[in-house]
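A.B. asks:
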Amino acid sequence: MNEERLLKVLVAPHVSEKGTMLAELNNQHVFKVAVDATRVEVKKAVESLFDVKVNSVRMLNQQGKRKRMGVHAGRRKHWKKAYVTLEAGHDIQLAGNE
Numbered sequence: 001m002n003e004e005r006l007l008k009v010l011v012a013p014h015v016s017e018k019g020t021m022l023a024e025l026n027n028q029h030v031f032k033v034a035v036d037a038t039r040v041e042v043k044k045a046v047e048s049l050f051d052v053k054v055n056s057v058r059m060l061n062q063q064g065k066r067k068r069m070g071v072h073a074g075r076r077k078h079w080k081k082a083y084v085t086l087e088a089g090h091d092i093q094l095a096g097n098e
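The structure is reproduced here in structure tokens:
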């Protein structure tokens, strides 16, 4: 897998209350990933970008919410989320996590 693809797999860290609790208690981190990404790609991307060892990756497709603007109905884009469990002794320091 080439370097360019690894950089496109991880879109952004997904910061939420649940994600923060998982990071503190279970050494898991949540990322928004490309819709066509696979578990193997996510694992390789996290290991190469953050220099950590990944234990497992769980992924889910998040459906876009239905929204209305007056009489016009629409929908936000679908996206994919990955829960990455790190091995003991490894940690990811994101900006703002001190």
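Quick note: the sequence shown, position 37, residue 37 per the numbering used here, numbers continuous.
Note that the Cβ used here is the ideal one computed from N, Cα and C, for glycine as well.
Being a predicted model, the structure only gives us computed values, none of them experimental.
#1: Going residue by residue through the stretch 9-52, where are the continuous alpha helix (DSSP H) segments of at least 4 residues, counting only ones entirely within it?
#2: Determine the closest residue to K43 out of W79, A88, L10 and G89, with distance taken between C-alpha atoms.
#3: Quick check: L6 and K53, are their CB atoms within less than 8 Å of each other?
#4: Which residues share a DSSP beta bridge with G74?
#5: Could you pull the start and end residues of the beta strand (DSSP E) that N2 belongs to?
#6: Using a Cβ-Cβ cut-off of 8 Å (strictly less than) and excluding sequence neighbours within five positions of G74, which residues of its own chain qualify?
#7: With DSSP as the reference, identify every bridge partner of N61, one or two as the case may be.
#8: My assumption, with CB atoms under 8 Å, is that K80 sits in contact with V35. Please give the rounded CB distance.
#9: May I ask you to report which of helix, strand or coil DSSP gives L86?
#10: May I have the straight-line CA-CA distance separating H72 from K32, to the nearest angstrom?
C.D. replies: Taking the structure as given:
#1: 17-25 and 39-50
#2: L10
#3: no
#4: K67
#5: No beta strand (DSSP E) contains N2, which DSSP labels as neither H nor E.
#6: R66, K67 and R68
#7: K80
#8: 5 Å
#9: strand
#10: 28 Å
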